[in-house]
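J.: Pasting a structure below so you can have a look.
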Amino acid sequence: MFIALDDTDSTEGMCTTYLTTLILRKLRNKYPNLNTGMPNLVRLNPNIPYKTRGNGACWFHIDDNNDNNLSNEKKEKEKEMKLRKKDIKTIVLEFLKKYSLFEDENTNPACLFLDDKNFDKNFEILNKFYKKAVSQLCTIEEADETGKKINAEVYKFKNGRGIIGCLGGLGCDFADLTYELLVYRTEENFGKERKIDVESVFKMHELLYPETFDNVNEEEHKLVFMPHGKDPILCGIRGNSVDVVNKAFSMLKFREEISFMQIFRTNQHTDAHLMPKKISELKQYDAAIIEGTVIENPKRIEKGHTFFKISDGTANITCAAYGVTCLKNIAFNLVKEDKVRLCGGIESHKDTFNIEKIEIIELAKIYKKENPICPNCKIRMKSEGKDKGFQCKKCKLRLKNDTVRFIEIPRNLKQEIYEVEPGHRRHLSKQLCRYKI
Ligand SMILES: [Zn+2]
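Residue numbers (my numbering): 60 to 496.
Shown next as structure tokens:
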């Protein structure tokens, strides 16, 4: 049986991964022989306005057909399995009701149960739904329809928007994947300052980067693998394998008590949300890769927010690099005629593409005008005004306008990909250090 949960947290606390882990701990405790496997954390479209925090849904699979503790007698075994299945569902729903933050307007939990047969039979439908939910806007109605089509047992609370994440999450194909080891705090520490020995994290980073990543920001000598809110997570170690996140965990020195930890398989850091699109095809809340030519030099407003316009022949769009990230400086150095490929998406401002990564495909040449040197005196001549030629201040020699020289100015950008620094990245954004994989 597959069990999926979503939208149980709020900006004020909780976390669907925590709830999932609590449920798993309860199930493992009650049914020690039940194979619960590794839970999955699937991030969906980060541009969706209704998301609580990271727009991440969780699901896990339990192998509820095999268990040595069940009776050998066929009829008896079937009865036991049925009872156990019912009990597992009851536990899941109890935990969901107990821990979800219902009072938050944006928290609309849902959970679903799907048996193995229906999962296998309908995976294509689920995968199609995932591909939409990770990169576009999905409605609750679309999700309801999909849930019915695949015969899922669905439980929705409040408006039940979480059903979108439950189905989207289950449909993830993990074409590329990473792992996150989540360390949870004890309840009495929720909301208090997080305490980890900073140097132990840097030491781990030095040894294990780039197999584990996004733990620290080297330039600012800051830890970035800890959230800041009241949620139960102390830190999350992200990496390419189970081994590396376990090893990283063993190297950390915690200065507060830990409740427990759990590793999730996840689509984080895979760029799964980015679909190549023409600018004319972009809709609000889309996550996409677009390509085009800069048609307006960048403009900067307060806080360093930088805007420029590109066109790909089908339409043009304003692109934004916000002041919190280093991409604003890359964007500011673009000029007209540069060709770029941009990863990002459209959030609340309908006509603005927010950039996650900038790839420079081609840099335009830029020149500065240089007045000629007087052949007699070897000094730079002065312009006589626009299109009026030049005169030497010393010997009064005059030269025509066409003696002006154009000198190419070296560009301070390279033909490469620029990304947001650790700590400001979106969960789904693939870091450059993962590109070789
Ligand atoms: Zn002269």
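Idealized CB from N, CA, C, for every residue including glycine.
All values reported here derive from a predicted model rather than from experimental measurement.
On the DSSP letters alone, give me the boundaries of the alpha helix (DSSP H) that Val304 sits inside.
T.: That run of the alpha helix (DSSP H) goes Val301 to Met310.
J.: Rank Leu293, Lys148, Asp302 and Ile417 by C-alpha distance to the C-alpha of Leu267 and give the top, closest one.
T.: Nearest option by C-alpha distance: Asp302.
J.: Using 10 angstroms around the beta-carbon of His120, count the other beta-carbons present and answer buried if the total reaches 16, otherwise exposed.
T.: That one is buried.
J.: At 3 residues or longer, what runs of the beta strand (DSSP E) sit wholly inside the region 403 to 427?
T.: You should have 411 to 421.
J.: At the level of alpha carbons, what is the spacing between Pro105 and Lys416?
T.: When rounded, the distance between both Cα atoms is 15 Å.
J.: For my contact list, Ser389 and Phe412 are in at a C-beta cut-off of 8 Å; report their separation, rounded to the angstrom.
T.: Per the sequence shown, the amino acid found at residue 389 is Ile instead of Ser. The pair is not a contact, with the Cβ atoms about 15 Å apart (cut-off 8 Å).
J.: Determine the burial state of Gln327: buried for a count of at least 16 other Cβ atoms within 10 Å of its Cβ, exposed for fewer.
T.: Buried, since its Cβ has 16 or more Cβ neighbours within 10 Å.
J.: Are the region 488 to 496 and the region 316 to 335 touching by the rule of at least three beta carbon pairs closer than 8 Å?
T.: Contact holds: three or more Cβ-Cβ distances are below 8 Å.
J.: On the three-state DSSP scale, how would you describe Val260?
T.: Correct three-state label for Val260: helix.
J.: What ranges does the alpha helix (DSSP H) occupy inside the region 298 to 383, keeping only unbroken runs of at least 4 residues that lie completely in it?
T.: For the region 298 to 383, whole alpha helix (DSSP H) runs of length 4 or above, ordered along the chain, are 301 to 310.
J.: My guess is that Thr67 and Thr80 are in contact by the Cβ rule of under 8 Å, so how many angstroms apart are they, rounded?
T.: Not confirmed; about 12 Å, so no contact.
J.: Can you tell me whether DSSP reads Cys117 as helix, strand or coil?
T.: The answer is strand: DSSP assigns Cys117 an E or B state.
J.: Considering only DSSP beta bridges, list what Leu458 is partnered with.
T.: Paired residue(s): Phe449.
J.: Cβ of Asn299 within 8 Å of Cβ of Glu270?
T.: It is a contact, given that the beta carbons lie within the stated cut-off.
J.: Going along the chain, which residues of its own chain have a beta-carbon closer than 6 Å to the beta-carbon of Gly482, five neighbours each way excluded?
T.: Here the set comprises Asn276 and Val283.
J.: In whole angstroms, give me the CA-to-CA distance for Gly221 and Ala423.
T.: Cα to Cα, the separation comes out at about 47 Å.
J.: Report back the beta-carbon spacing between Arg324 and Phe233 to the nearest angstrom; my notes put them in contact at under 8 Å.
T.: 7 Å between Cβ atoms; contact.
J.: Are the Cβ atoms of Leu497 and Gly250 separated by less than 8 Å?
T.: Here the chain has residues from 60 to 496 only, and residue 497 is not among them.
J.: Consult DSSP for Arg485 and reduce its assignment to one of helix, strand or coil.
T.: Arg485: coil per DSSP, three-state reduction.
J.: Can you tell me which of Ala346, Lys138, Tyr243 and Lys215 puts its alpha carbon nearest to the alpha carbon of Lys409?
T.: Of Ala346, Lys138, Tyr243 and Lys215, the residue nearest in Cα terms is Ala346.
J.: Is the beta carbon of Lys473 sitting closer than 8 Å to the one on Ile419?
T.: Contact: yes.
J.: Ends of the beta strand (DSSP E) at Glu201?
T.: Looking at the DSSP string, Glu201 is not in any beta strand (DSSP E); the run it does join, the alpha helix (DSSP H), is Ile199 to Lys208.
J.: Quick one: complete alpha helix (DSSP H) runs, 4+ long, within the region 220 to 256?
T.: Counting whole runs of 4 or more residues, the region 220 to 256 contains the alpha helix (DSSP H) stretches 221 to 229.
J.: Check whether the Cβ of Lys441 lies closer than 7 Å to any heavy atom of ligand 1, and answer yes or no.
T.: Flag unset: Cβ of Lys441 not near ligand 1.
J.: Please tell me whether, using a cut-off of 7 Å, the distance from the CB of His458 to the nearest non-hydrogen atom of ligand 1 is below it.
T.: It is Leu, not His, that sits at residue 458 in the sequence shown. No, the beta carbon of Leu458 sits no closer than 7 Å to any heavy atom of ligand 1.
J.: Given this structure, state the Cα-to-Cα distance separating Gly404 from Gly230, to the nearest angstrom.
T.: Gly404 and Gly230: Cα-Cα distance of roughly 22 Å.
J.: From the DSSP output, in three-state form, read off Tyr214 for me.
T.: Three-state result, Tyr214: strand.
J.: Reducing DSSP to helix, strand and coil, say where Tyr494 ends up.
T.: It is coil, neither helix nor strand.
J.: Tell me where the beta strand (DSSP E) around Asp477 begins and ends.
T.: In the sequence on display, residue 477 carries Tyr and not Asp. Tyr477 -> beta strand (DSSP E) spans Ile476 to Glu478.
J.: Which residues in the same chain as Thr384 place their Cβ atom closer than 7 Å to its Cβ, once the five residues preceding and following it in sequence are excluded?
T.: These residues qualify, in order along the chain: Val479, Glu480 and His483.
J.: Within 7 Å: the Cβ of Asn430 and any heavy atom of ligand 1?
T.: No, Cβ of Asn430 sits at least 7 Å from all heavy atoms of ligand 1.
J.: So the candidates are Phe188, Met140 and Ser159; which of them puts its Cα closest to the Cα of Glu204?
T.: The residue with the shortest Cα to Cα distance from Glu204 is Phe188.
J.: Determine the direct distance from the alpha carbon of Arg485 to that of Tyr477, and round the result to whole angstroms.
T.: The straight-line gap from Cα to Cα measures roughly 15 Å.
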